[in-house]
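Below: the structure, in structure tokens.
Protein chains: 2
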Amino acid sequence: MAESFPMNGGDGTYSYTKNSQYQKQATDFAKGTIQEAILDKLDLVSVSDTFRIVDFGCSVGPNTFITVQNIIQAVENKCSLQGLDPGNIDFQVFFNDHTANDFNTLFASFPPDRQYYAAAAPGSFHGRLFPRASIGLAYSSYALQWLSRVPEGVCDRKSAAWNEGRIHYSGSSGDVVRAYSDQFEKDMDVFMKARADEIVGGGLMFLIMPGIPDGVCHSQLLLGVLFNLLGSSLMDLATEGIIDKAEIDEFNLPIYAPSVGEMTKLIEKNGCFSIERIELTNPRSKVDEPIDVRSLIMHLRAGMEAVFTKHFGDGVVEKMFDKTLGKSEEFSNFLKSNYPNSGQLFVVLKRK
Amino acid sequence: MAESFPMNGGDGTYSYTKNSQYQKQATDFAKGTIQEAILDKLDLVSVSDTFRIVDFGCSVGPNTFITVQNIIQAVENKCSLQGLDPGNIDFQVFFNDHTANDFNTLFASFPPDRQYYAAAAPGSFHGRLFPRASIGLAYSSYALQWLSRVPEGVCDRKSAAWNEGRIHYSGSSGDVVRAYSDQFEKDMDVFMKARADEIVGGGLMFLIMPGIPDGVCHSQLLLGVLFNLLGSSLMDLATEGIIDKAEIDEFNLPIYAPSVGEMTKLIEKNGCFSIERIELTNPRSKVDEPIDVRSLIMHLRAGMEAVFTKHFGDGVVEKMFDKTLGKSEEFSNFLKSNYPNSGQLFVVLKRK
């Protein structure tokens, strides 16, 4: 059973719905590339009377609806160009996320004018979710970085991979990094096998997630810097006696950002998909305004509060985010002089 | 847009989850009949690599899971008997209910050992929900009695169908009854057309809902008696000055129980399904113990609180159910001497 830490539900101040503009930038950035890939690569053999699409890790919207609309338009264009009447195709879209995701909120925000049959498939994507060869196009954005569990050894003081006083592998020893990358490899293995069963021959899969340039150290990533900032806020709370340092030692964020080289190896190991495109991009490169650190921290909170709350409890998490917000100016200055690497891995795969 | 009044969510005292044993009796009663119909009537032409099943109006469980398991077992048995290996079939089950249904609770109670791919299709079944010819077997239990809207005229003091001082057609004039049956006819028309598009040739549809013996008056039905009891509790509140009588005049329960004759006519009018079986049964005839009136009222509350709350507000509904519970002894005595008709309509249809 994979561990599950849903995005914040509802539509309040700390909700994912209200704090997912960065993910939207990523979605916008990917829009053109997705349209292009569908036009060039989608095999129309995979399109029958019904074309089924899945968003793996859809969360609670609204980004998932924008992407789905974009995908359907591109498939319709492709069909028209090939002389097929897209009016003859029924589109069925499955929204997938963990069972604990707030599906009630997702359903309440379904676009009323949608041109597809909407369904949800709750459950971990680290396992089968659909009948074999039933999916024409799969999509996953900012979900695969979540590992199915905390890597082995990183919370165990007897292990070489013990990650003392830290909550993430960025800046940690090689043993810790290896424990994380091993877990990512296992998860990708399970994910790719399941998708290979579910996606029809000629069908496409788009994977979007945080990535790291080949050869760059994880602590130089924006994500790593942010996690270290959260970790240092927790260590402050330990110094103040509000929590025990041992509690921090027992906690590690199950999040991983792979490189292009790593990802390529894992896809080739599975062997069922051809890599049509793989690249590391920077979705913020097209955005003019500088990073708003307070907003960035609110985004982190919307997406990651649950994993902290489960371990530390509500009160501590409230204090941790307050402390982190208090450091936002200092952090802003740091970002101005040490602009860290920020990468988005974009992968287009085709089922052989 | 059909009106939506979901069953009470969660798992508290007044939840549907805790108050759906009567519906379970109905499910148990139908179990054997469903198995038999699948064995005799299901056309294996409708069974391919993937067999898709829908429960229209699934609510929040647990009855839906029991039924689905029963259906899958029967389909597997039928395949085995015909020399097909059921291990080669992927079962995908869609749980349908209004968008406002508490799907989060439903998903949290999915049986962990289920042998099928579970999905949800939120939305009104008075309209299309699935791609054409994609469903092998459809099932709906105690959902079709809900009309998509309050019948025309029954809340309008200028209409001949005005239902003054009553909340339901039981015991009302012919014009009121006709307004209800007209609305049911319109709803069934839309429902049957949508299902005819969605169900594959040779596929089956099971419909279970409250029914009335041909020629019997609606006020002689247990359901009618119960609704009159709720109505009289509301009238008591009006007499006490807690609500205005006009509020009662403006409220009508959008619930209808058809006869075998009526249902047969509507199915034949649609023309896309053959009637394999249609009958009025009494699921309580096999149950020894007498009706527990308090429990019956709790069931009504779990299933129908939302429709009252929307119109009268929380406070009034609380008082209405309290008053009704206060009348339960008197009502018990009435039931002992005037055992009203209680019927369950059971229909097996096959897509031509």
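Going down the list, the protein sequences come from chains H and E. Read in order, the letters of the first sequence are residues 1 to 352 in our numbering. Read in order, the letters of the second sequence are residues 353 to 704 in our numbering. No residue lacks a Cβ here, since even glycine has one placed at the ideal position from N, Cα and C.
- A distance of 8 Å or more separates the beta carbons of D40 of chain H and I89 of chain H.
- At least one CB atom of chain H sits nearer than 8 Å to the CB of A473 of chain E.
- Looking only at E:R653, E:F660 and E:V669, the smallest Cα-Cα distance to N604 of chain E is reached by E:F660.
- Counting only the Cα atoms, L221 of chain H lies some 16 Å from P254 of chain H.
- Given a length threshold of 3 residues, each whole run of the beta strand (DSSP E) inside the stretch 603 to 687 of chain E is given here in chain order: 625 to 633.
- Counting only the Cα atoms, L481 of chain E lies some 19 Å from T105 of chain H.
- The DSSP-derived three-state label of A471 of chain E is strand.
- Taking C-beta separations shorter than 7 Å and ignoring five residues to either side along the sequence, F459 of chain E has no partners in its chain.
- Under the rule that a run must span 4 or more residues, the alpha helix (DSSP H) segments found entirely inside the stretch 202 to 243 of chain H read 222 to 239.
- Judged by beta-carbon spacing, L147 of chain H lies beyond the 8 Å limit of F191 of chain H, meaning their Cβ atoms are not closer than that value.
- Contiguous alpha helix (DSSP H) elements confined to the stretch 453 to 515 of chain E occur at 455 to 460, taking only those with 4 or more residues.
- For chain H, the residues of the stretch 449 to 464 of chain E that bring a beta carbon within less than 8 Å of one of its beta carbons are T451, A452, D454, F455, N456, F459, A460 and F462, in chain order.
- Closer than 8 Å to the CB of F191 of chain H there is not a single CB belonging to chain E.
- In its chain, beyond the 5 residues on either side, A161, W162, N163, V176, A179 and N252 have a beta carbon closer than 7 Å to the beta carbon of V154 of chain H.
- A straight line joining the alpha-carbon of P86 of chain H with that of L44 of chain H spans about 12 Å.
- For R509 of chain E, not one C-beta of chain H is nearer than 8 Å to its own C-beta.
- Judged by pairs of C-beta atoms under 8 Å, the stretch 548 to 567 of chain E does not touch the stretch 646 to 654 of chain E, as fewer than three such pairs exist.
- Between the stretch 109 to 119 of chain H and the stretch 127 to 143 of chain H there are fewer than three inter-stretch CB-CB distances shorter than 8 Å, so the stretches are not counted as touching.
- The three-state reading of DSSP puts K352 of chain H in coil, since its state is none of H, G, I, E or B.
- The three-state reading of DSSP puts R166 of chain H in coil, since its state is none of H, G, I, E or B.
- Under the DSSP assignment, Q92 of chain H falls in the beta strand (DSSP E) whose first and last residues are D90 to D97.
- Residue pairing by DSSP leaves I423 of chain E without any beta bridge partner.
- In this structure, the CA atom of S219 of chain H is about 22 Å from the CA atom of K245 of chain H.
- Interface annotation for the stretch 123 to 155 of chain H against chain E: G123, R128, L129, F130, P131, R132, A133 and S134, criterion Cβ-Cβ distance under 8 Å.
- The closest CA to that of S684 of chain E, considering only E:G667, E:K702 and E:I643, is found on E:I643.
- Interface annotation, Q69 of chain H: not in contact with chain E, CB-CB separation never under 8 Å.
- Annotation: Q115 of chain H has no Cβ neighbours in chain E at a cutoff of 8 Å; minimum Cβ distance is about 12 Å.
- By the C-beta criterion, the stretch 55 to 64 of chain H is judged to be in contact with the stretch 95 to 102 of chain H, since at least 3 inter-stretch pairs fall below 8 Å.
- For the options H:L137, H:F334, H:G123 and H:E329, the alpha carbon positioned closest to that of V225 of chain H is the one of H:F334.
- For V190 of chain H, the enclosing alpha helix (DSSP H) begins and ends at G174 to E198.
- The beta-carbon distance between I519 of chain E and G583 of chain E, rounded to whole angstroms, is 4 Å. This is short enough to meet the 8 Å contact definition.
- Counting the other Cβ atoms within 10 Å of the Cβ of Y256 of chain H gives 16 or more, which makes it buried.
- Assignment of T379 of chain E by DSSP, reduced to helix, strand and coil, places it in the helix class.
- Ranked by Cα distance from F447 of chain E, the first of E:F417, E:E682 and E:D363 is E:F417.
- A distance of 8 Å or more separates the beta carbons of I275 of chain H and L137 of chain H.
- Below the 9 Å Cβ cutoff, chain H contributes A119 as neighbours of F446 of chain E, in chain order.
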